[in-house]
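Have a look at the structure below before the remarks.
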Amino acid sequence: MRVWSCAVALLALLVAGPSQAQAALDAPAGQAPVGSLATTLQLIRHRWQLVEATDAHGQRIAALFVADAAPLELDFNASLVSVGRACRVMSAHQRVLADRLEVATFDIAPQPCPVPAQAARDVQIVRRLQGTLRLHFEPDPPLKLVLVNADGDRLVFAGE
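Here you go:
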């Protein structure tokens, strides 16, 4: 998947032209201009591991953290986001617009999930990621991707 993502990113750079491509490459890790090619490249460049999830009231969303299960991850390419370490295979079309990330309805593999808590986690992450989310990066090491949905749920992912 990383090879495909890199190929798509390189194609995007070629289409963007030399000045936009150089600006994207020169942008500091935590300061990619939101809504730009640099933001898309920043999303593609990292695997994003869920480290924090809170609802609009600041309460931890426990359903997204299952004991004895690896944290959920997001992987991006130029047009898709996929959820890694989930019980089922799932991905959705996405696009960056200004300071927003638009995520379409997820396609989810119809395979059974034998662990009820992990099946519930799959449902919860999809519910929270679909739609339009506010997007920003926090540059303090490690780089963090922060997504906030319309309900005020705040999901923080550390870049690897």
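Residue numbers (mature numbering (1 follows the signal peptide of the UniProt record, and there is no 0)): -21 to -1, 1 to 139.
Even for Gly, the Cβ is constructed at its ideal location relative to N, Cα and C.
The beta strand (DSSP E) enclosing residue i, as first and last residue numbers
i: V111; result: Reading off the sequence, residue 111 comes out as Thr, not Val. Looking at the DSSP string, the run of the beta strand (DSSP E) that includes T111 is G110 to E117.
i: A48; result: Counting along the chain, A48 falls outside any beta strand (DSSP E), and DSSP gives it neither H nor E.
i: L76; result: M69 to L76
i: Q38; result: No beta strand (DSSP E) holds Q38; DSSP gives it neither H nor E.
i: R64; result: Segment: none, R64 is in no beta strand (DSSP E) and carries neither H nor E.
i: G138; result: R133 to G138
i: V82; result: R79 to V82
Under 7 Å between C-beta atoms of residue i and residue j
i: L112; j: L80; result: yes
i: V30; j: A137; result: yes
i: Q103; j: R67; result: no
i: V75; j: T18; result: yes
i: V125; j: V135; result: yes
Closest residue to residue i among the options (Cα-Cα distance)
i: A49; options: D119, V125 and D101; result: D101
i: H72; options: Q21, V62, I23 and S58; result: S58
i: A35; options: L16, G131 and G110; result: G131
i: D78; options: Q103, R107, I87 and L114; result: L114
i: L51; options: V105, A129, S15 and N128; result: V105
i: A41; options: L108, N128 and A96; result: A96
i: W27; options: T33, V45 and R64; result: R64
i: L108; options: D86, Q90, P120 and E117; result: D86
i: T84; options: P93, V75, V94 and V60; result: V60
i: R24; options: A46, L43, F44 and F55; result: F55
i: V45; options: D119, V135, A98 and F116; result: A98
i: Q21; options: S70, P118 and C92; result: P118
i: E139; options: A129, A88 and P120; result: P120
i: L53; options: V94, S70 and P93; result: S70
Supposed contact pair residue j and residue i - C-beta distance, whole angstroms, cut 8 Å
i: V82; j: G110; result: 6 Å
Limits of the alpha helix (DSSP H) - the one that residue i falls within
i: L126; result: Not the alpha helix (DSSP H): L126 falls in the beta strand (DSSP E), residues K123 to V127.
i: A17; result: L16 to R24
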